[in-house]
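Enquirer: Once you've had a glance at the structure underneath, I'll fire off some questions.
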Amino acid sequence: MEIVICEDAAEIGRIAASKIIDLVRRKPTAAIGLATGSSPLGIYAELAHAVARGELDMSRAHGFALDEYVGIELEHPQSYYSVIHREVVERLSMDPARVHVPDGRAADLHSACEAYEEAIEQAGGVDLQIVGIGSNGHIGFNEPTSSFGSRTRVKALAPQTRADNARFFDSLDQVPTLCLTQGLGTIMDAREVVLVAQGEHKADAIAAAVEGPMAAVMPASVLQGHRYATVIIDEAAASKLQYTEYYRHAWNTKPERAVSAAV
Ligand code: GLP
């Protein structure tokens, strides 16, 4: 994995967004894996600026959300359908018909999960998947002990996740107990994965995911096996890593960076 340690959330947003901008310029119909949560908001803000300045056209790109709560109304402001449409589709002028969110209201949830996998396949697979990380190391809603081979499916939310996400609802009771999430195997099929995280409360999960053993109890550690995964984090989230000096050195001396800086 490539580890990039940034000064602040704005720099995380800029570096991660530049990957997406390069990709969509090369391939206007690219499929982007979209994450909810606060971590990717800086990326969406940067992309929104590029769209507003006429430097980026996302209208032909495809979007696939990582996950959705089960049983929540689509119109609920905290359904991931609402969040993705509000934070991403509208701000980036994406085509709503090309942006997909797992259907947590389906009568047959298992068929909805299968249909989601098929939709990703039909779009030619995800080119770049954005992920955040939960304080317990989940990516998407793949809670600890999720299989590294898992596909989109129904999962029970961990108590820690419900407690963490209670801030978006009026009370803990209102946080759904089930979700649909792309599996770790689904995420690993993306051609590129970009994990973003900020803050001290993510430092333990980042250290375990990046430098700990690959283990199902730490779902994000699956990314150690991805051929093209980048972890873009701030100083606080990096504060429990052992090899920060090496990561900074590798980033500062990266040949592609030297080339683009020289142009
Ligand atoms: C939720 C989402 C995850 C997200 C996580 C972290 O549980 N399902 O995809 O990564 O929250 O959220 P935040 O970025 O707000 O810390």
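At the far end of the sequence shown sits residue 389, using my numbering, and the numbering has no gaps.
Idealized CB from N, CA, C, for every residue including glycine.
Please read these numbers as outputs of a predicted model, since none were measured by experiment.
1) Within the same chain, show all residues whose beta-carbon is closer than 8 Å to that of H327, passing over the 5 residues directly before and after it, in chain order.
2) Would you decide whether S276 is buried or exposed? Buried here means 16 or more other CB atoms lie within 10 Å of its CB.
3) Less than 8 Å separating the Cβ of V395 from some heavy atom of ligand 1?
4) When we look at the beta-carbon of E172 and count the other beta-carbons within 10 Å, is it buried (16 or more) or exposed?
5) Buried or exposed: P222, going by 16 or more other Cβ atoms within 10 Å of its Cβ?
6) According to DSSP, is V357 helix, strand or coil?
7) Straight-line CA distance for P166 to K366?
8) Could you tell me if Y206 is buried or exposed, where buried requires 16 or more neighbouring beta carbons within 10 angstroms of its beta carbon?
9) How long is the line joining the alpha carbons of I147 and L182, rounded to whole angstroms?
10) Based on the DSSP output, what are the partners of V150 in its beta bridges?
11) For E382, which three-state DSSP category applies?
12) Tell me which residues share the same chain as A387 and place their Cβ nearer than 7 Å to its Cβ, disregarding the 5 neighbours each side in the sequence.
Expert: Reading it off the structure:
1) S261
2) By the 10 Å Cβ count, S276 comes out buried.
3) The structure shown does not extend to residue 395, since the chain spans only 127 to 389, so no value can be given for it.
4) Buried.
5) exposed
6) DSSP, read as helix, strand or coil, puts V357 in strand.
7) 21 Å
8) buried
9) 7 Å
10) Per DSSP, V150 has no beta bridge partner at all.
11) helix
12) In this prediction, A387 has a pLDDT of 45, which is less than 50 and means its spatial position is unreliable; nothing more can be read from the coordinates.
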